[in-house]
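Residue numbers (the numbering used here): 3 to 358.
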């Protein structure tokens with residue numbers, strides 16, 4: 003009795019054309035919805051939802067919103083109190099209000115109604131916009147605007163520089179509607195259009211930084227295309243060196259047992275003078291001779307176990323074991339060398355010397 007999965011597999015193999023037709027229809031049905039798929043980056047979705055700080059951040063989206071773009075309009079010569087600069091600030095404020103995904107209630111500059119000054123009247127305190135409904139054009143209107151700015155501590159402190167040569171335009175975007183690439187392109191075109199011989203326009207903010215990533219995305223792809231072949235070449239070189247290391251593993255100079263024993267003997271020989279001096283002082287050193295005997299005992303046992311047997315290729319394992327015994331034994335220190343190398347091994351194992 004075949005299972006459902008087996009029967010389905012047998013039916014697909016027996017009706018290949020019908021199966022292909024069904025798969026094509028299903029794929030076409032779901033492909034129709036691809037035109038409505040929207041790819042965007044929403045950084046707040048990457049934050050842990052259970053974190054209390056993240057919950058406060060989402061409960062108060064208008065406080066300290068990081069999706070704010072700041073434009074600085076700087077007059078190269080003189081201050082901003084002239085008809086040309088004030089008109090540029092006015093027009094840029096209206097233009098950035100048309101940016102895709104912008105929050106129209108979160109735009110602030112000296113040309114918006116949110117920038118207000120307070121004036122005392124016989125009827126109380128009157129709050130009015132700095133510019134009103136039009137751009138100051140005459141010198142009298144410009145002087146009146148300067149006077150209004152002096153009555154607004156917030157605007158004078160946060161929107162106009164201390165030397166009065168530059169001013170800021172802030173625009174906040176809605177995260178769910180923000181397309182970083184599109185918004186950055188719009189704002190960048192606005193900056194390039196309004197930059198001239200008398201004015202410098204500077205752009206800052208997290209959306210602008212992310213927009214630069216989208217701007218250089220094609221160049222990043224080119225660099226990645228050049229980096230991957232180089233990485234593959236490096237991997238091939240390392241793999242080739244690794245194969246050479248495996249081939250030399252059984253050699254005395256390779257990474258096998260013989261290499262480690264020989265290095266131990268070399269360390270013992272180099273520190274023989276220090277060991278003799280320590281022994282003359284009355285310290286009893288760790289017996290390297292015991293290690294010497296243990297290694298030889300292990301190699302002899304391997305040789306006896308392999309003696310008389312043959313491997314699948316017809317080689318005498320006893321002879322192979324004897325050769326290994328001879329190879330490793332000739333790299334071990336003799337009894338005198340073992341005694342003189344006790345201090346080296348004791349230093350490696352960090353064993354204290356014992357008085358004789």
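Note that CB positions come from ideal geometry on N, CA and C, so glycine has one too.
Tell me the residue span of the beta strand (DSSP E) that contains residue i.
{"i": "residue 60", "result": "No beta strand (DSSP E) holds residue 60; the alpha helix (DSSP H) holding it covers 54 to 61."}
{"i": "residue 76", "result": "70 to 77"}
Going by DSSP, what residue range makes up the alpha helix (DSSP H) through residue i?
{"i": "residue 184", "result": "182 to 196"}
{"i": "residue 156", "result": "155 to 160"}
{"i": "residue 166", "result": "No alpha helix (DSSP H) holds residue 166; DSSP gives it neither H nor E."}
{"i": "residue 29", "result": "18 to 33"}
In whole angstroms, give me the CA-to-CA distance for residue i and residue j.
{"i": "residue 89", "j": "residue 83", "result": "10 Å"}
{"i": "residue 147", "j": "residue 44", "result": "41 Å"}
{"i": "residue 180", "j": "residue 105", "result": "10 Å"}
{"i": "residue 4", "j": "residue 37", "result": "42 Å"}
{"i": "residue 122", "j": "residue 221", "result": "58 Å"}
{"i": "residue 15", "j": "residue 6", "result": "14 Å"}
{"i": "residue 79", "j": "residue 200", "result": "7 Å"}
{"i": "residue 74", "j": "residue 97", "result": "15 Å"}
{"i": "residue 164", "j": "residue 210", "result": "25 Å"}
{"i": "residue 50", "j": "residue 56", "result": "7 Å"}
{"i": "residue 19", "j": "residue 26", "result": "11 Å"}
{"i": "residue 171", "j": "residue 31", "result": "47 Å"}
{"i": "residue 225", "j": "residue 238", "result": "20 Å"}
{"i": "residue 218", "j": "residue 29", "result": "34 Å"}
{"i": "residue 21", "j": "residue 228", "result": "41 Å"}
{"i": "residue 192", "j": "residue 94", "result": "8 Å"}
{"i": "residue 65", "j": "residue 77", "result": "31 Å"}
{"i": "residue 232", "j": "residue 223", "result": "15 Å"}
{"i": "residue 33", "j": "residue 120", "result": "60 Å"}
{"i": "residue 194", "j": "residue 169", "result": "17 Å"}
{"i": "residue 39", "j": "residue 213", "result": "21 Å"}
{"i": "residue 154", "j": "residue 62", "result": "27 Å"}
{"i": "residue 17", "j": "residue 230", "result": "43 Å"}
Closer than 8 Å by C-beta to residue i: which residues in its own chain qualify, once you throw out the five before and the five after it? Chain order, please.
{"i": "residue 99", "result": "106, 109 and 173"}
{"i": "residue 216", "result": "182, 183 and 186"}
{"i": "residue 92", "result": "113, 133 and 137"}
{"i": "residue 176", "result": "69, 103, 104 and 105"}
{"i": "residue 60", "result": "46"}
With DSSP collapsed to three states, give me the class of residue i.
{"i": "residue 173", "result": "strand"}
{"i": "residue 234", "result": "helix"}
{"i": "residue 199", "result": "coil"}
{"i": "residue 131", "result": "strand"}
{"i": "residue 216", "result": "helix"}
{"i": "residue 109", "result": "strand"}
{"i": "residue 116", "result": "coil"}
{"i": "residue 207", "result": "coil"}
{"i": "residue 39", "result": "coil"}
{"i": "residue 140", "result": "coil"}
{"i": "residue 101", "result": "coil"}
{"i": "residue 66", "result": "coil"}
{"i": "residue 227", "result": "helix"}
{"i": "residue 93", "result": "helix"}
Output needed for residue i: all residues of its chain with C-beta closer than 6 Å, excluding positions within five of it in sequence on either side, in chain order.
{"i": "residue 207", "result": "70, 71 and 72"}
{"i": "residue 204", "result": "74"}
{"i": "residue 115", "result": "131"}
{"i": "residue 85", "result": "139"}
{"i": "residue 68", "result": "208"}
{"i": "residue 12", "result": "none"}
{"i": "residue 198", "result": "none"}
Leaving out five residues on either side along the sequence, give the residues of the same chain with a beta carbon under 7 Å from the beta carbon of residue i.
{"i": "residue 101", "result": "173, 185, 188 and 189"}
{"i": "residue 157", "result": "112, 117, 132 and 151"}
{"i": "residue 42", "result": "181"}
With a threshold of 8 Å between beta carbons, is residue i in contact with chain B?
{"i": "residue 109", "result": "Absent from the structure: chain B. Only one protein chain is present."}
Report whether the distance from the Cβ of residue i to the nearest heavy atom of the ligand ATP is below 7 Å.
{"i": "residue 81", "result": "Of ligands this structure carries none, so the ligand ATP is not represented either."}
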